[in-house]
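Asks: Chains A and B are the protein sequences, given in the same order.
Residue 8 is where the first sequence starts when you use our numbering, and the numbers rise one by one after that.
Residue 393 is where the second sequence starts when you use our numbering, and the numbers rise one by one after that.
Here a beta-carbon is modelled for each residue, glycine too, at the ideal position from N, C-alpha and C.
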Amino acid sequence: GAGVSQSPSNKVTEKGKDVELRCDPISGHTALYWYRQRLGQGLEFLIYFQGNSAPDKSGLPSDRFSAERTGESVSTLTIQRTQQEDSAVYLCASSLNYYGYTFGSGTRLTVV
Amino acid sequence: QQQVKQSPQSLIVQKGGISIINCAYENTAFDYFPWYQQFPGKGPALLIAIRPDVSEKKEGRFTISFNKSAKQFSLHIMDSQPGDSATYFCAASKPSGGSNYKLTFGKGTLLTVNP
Chain A
8 GAGVSQSPSN KVTEKGKDVE LRCDPISGHT ALYWYRQRLG QGLEFLIYFQ GNSAPDKSGL
68 PSDRFSAERT GESVSTLTIQ RTQQEDSAVY LCASSLNYYG YTFGSGTRLT VV
Chain B
393 QQQVKQSPQS LIVQKGGISI INCAYENTAF DYFPWYQQFP GKGPALLIAI RPDVSEKKEG
453 RFTISFNKSA KQFSLHIMDS QPGDSATYFC AASKPSGGSN YKLTFGKGTL LTVNP
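(1) Using a Cβ-Cβ distance under 9 Å, would THR496/B count as near chain A?
(2) So which residues on chain A does GLY500/B lean against when the C-beta distance must stay under 7 Å?
(3) Need the endpoints of the beta strand (DSSP E) that GLN13/A sits in, please.
(4) Can you tell me where the beta strand (DSSP E) with PRO68/A in it begins and where it stops?
(5) So what does DSSP say about GLN48/A, is it helix, strand or coil?
(6) Which class does GLU92/A belong to by DSSP, given the choice of helix, strand or coil?
(7) Quick check on DSSP: helix, strand or coil for PRO474/B?
(8) Whose C-beta lies closer than 8 Å to the C-beta of ALA483/B among residues of the same chain, with five residues either side of it excluded?
(9) Under three-state DSSP, which class holds HIS36/A?
(10) Should ASP93/A be labelled buried (16 or more other beta-carbon atoms within 10 Å of its own) or exposed?
(11) Just to confirm, are TRP41/A and TYR97/A a CB contact at a threshold of 9 Å?
(12) Against chain B, with Cβ distances strictly below 9 Å, would THR109/A count as a contact?
(13) Taking CYS99/A and LEU39/A to be in contact with their CB atoms under 8 Å, please state how far apart those CB atoms are, rounded to whole angstroms.
(14) Verify the CB distance criterion: does VAL11/A have a CB-CB separation below 9 Å to chain B?
(15) Are the C-beta atoms of GLY113/A and some chain B residue less than 9 Å apart?
(16) Could you check whether the Cβ of GLY58/A sits closer than 8 Å to any heavy atom belonging to the ligand MN?
(17) In chain B, which residues lie with their C-beta within 7 Å of the C-beta of ALA38/A?
(18) Restricting to Cα atoms, I'd like to know which of VAL405/B, PRO444/B, PRO432/B, ALA421/B is closest to LYS486/B.
(19) Could you check the C-alpha separation between LYS449/B and ILE456/B for me, to the nearest Å?
(20) Would you mind telling me which residues of chain A sit closer than 9 Å to ALA437/B, beta carbon to beta carbon, in chain order?
(21) Mind checking the stretch 48-75 of chain A against chain B and listing, in chain order, the residues whose C-beta falls within less than 9 Å of any C-beta there?
(22) Does the stretch 402-409 of chain B come close enough to the stretch 466-481 of chain B to have 3 or more Cβ pairs within less than 8 Å?
(23) Return no unless some Cβ of chain A is closer than 9 Å to the Cβ of ALA441/B.
Dropping the structure here:
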């Protein structure tokens, strides 16, 4: 597609439930990133995928968070046993080279 | 450890004025410094970026000034317009292992341009 597509755009879930967020990167972009943006805060790095290399998971805040990517296409971010502090906008970005990411519009997650 | 410090948190400017947002970084290995613009409900979009081999880069009304010795860089928006009202993020990255272009972001500046 023309841009990075994320779904759903909004998700409300009950505390303790699992959620899965999806990201479709720009075709041909080898790198894919997940960031978290809490209300009024900056962007917090979560995880990075580059081709077939092992992902950089150094930003995942706990073992409740995991992510997968199939080749150079779709990625899913899974949060298990959601907590209220997980409420945030989850942003996905993809890039082809060194110069700049293209972000999706994000998934707004609300845990009630 | 906050590797990129951004100020101010919020900024109000009159139409036609100059908006200035500052960032400071700690890691001297950083070698790519982009600025992103984010409107409500949207993801951040790349606005302008600079490498440390130049001290200034200008694109239209937007200019990045870079001071390598001070480890600081700033965004200047000339002739600010109400449509520039958005949140601005500075960021920095360094090549890691030859392929990891992970960006470290500042906390953002909410710019409001009054008509």
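Replies: In terms of the structure at hand:
(1) Closer than 9 Å to some Cβ of chain A, the Cβ of THR496/B qualifies, so yes.
(2) The contacting residues are GLY49.
(3) Where GLN13/A is concerned, the enclosing beta strand (DSSP E) stretches over 12-14.
(4) That residue, PRO68/A, is in no beta strand (DSSP E); it is neither H nor E in DSSP.
(5) GLN48/A: coil per DSSP, three-state reduction.
(6) Of the three classes helix, strand and coil, the one that applies to GLU92/A here is helix, per DSSP.
(7) Look at PRO474/B here: in three-state DSSP terms it is helix.
(8) Taking C-beta separations shorter than 8 Å and ignoring five residues to either side along the sequence, the partners of ALA483/B in its chain run VAL396, PHE425, PRO426, TRP427, TYR428, LEU495, THR496, PHE497, GLY498, following chain order.
(9) If DSSP states are grouped into helix, strand and coil, HIS36/A belongs with coil.
(10) With 16 or more other Cβ atoms from the protein chains shown falling within 10 Å of its own Cβ, ASP93/A counts as buried.
(11) At a Cβ-Cβ threshold of 9 Å, TRP41/A and TYR97/A count as neighbours.
(12) Among the CB atoms of chain B, one or more fall inside 9 Å of the CB of THR109/A.
(13) So it is a contact: roughly 7 Å between Cβ atoms.
(14) The beta carbon of VAL11/A sits closer than 9 Å to some beta carbon of chain B.
(15) Closer than 9 Å: yes.
(16) The model depicted lacks the ligand MN and carries no ligand whatsoever.
(17) Those within 7 Å of ALA38/A in chain B are TYR493.
(18) For LYS486/B, the nearest C-alpha among the options comes from ALA421/B.
(19) LYS449/B and ILE456/B have their C-alpha atoms some 5 Å from each other.
(20) Correct list: THR109, PHE110.
(21) Going along the stretch 48-75 of chain A in chain order, one finds GLN48, GLY49, LEU50, GLU51, PHE52, TYR55, GLN57, GLY58, SER60, ASP63, SER65, GLY66 with a Cβ nearer than 9 Å to chain B.
(22) The stretch 402-409 of chain B, when compared against the stretch 466-481 of chain B, does touch it at the 8 Å Cβ threshold.
(23) Contact with chain A is found for ALA441/B, since one of that chain's Cβ atoms lies less than 9 Å from the residue's Cβ.
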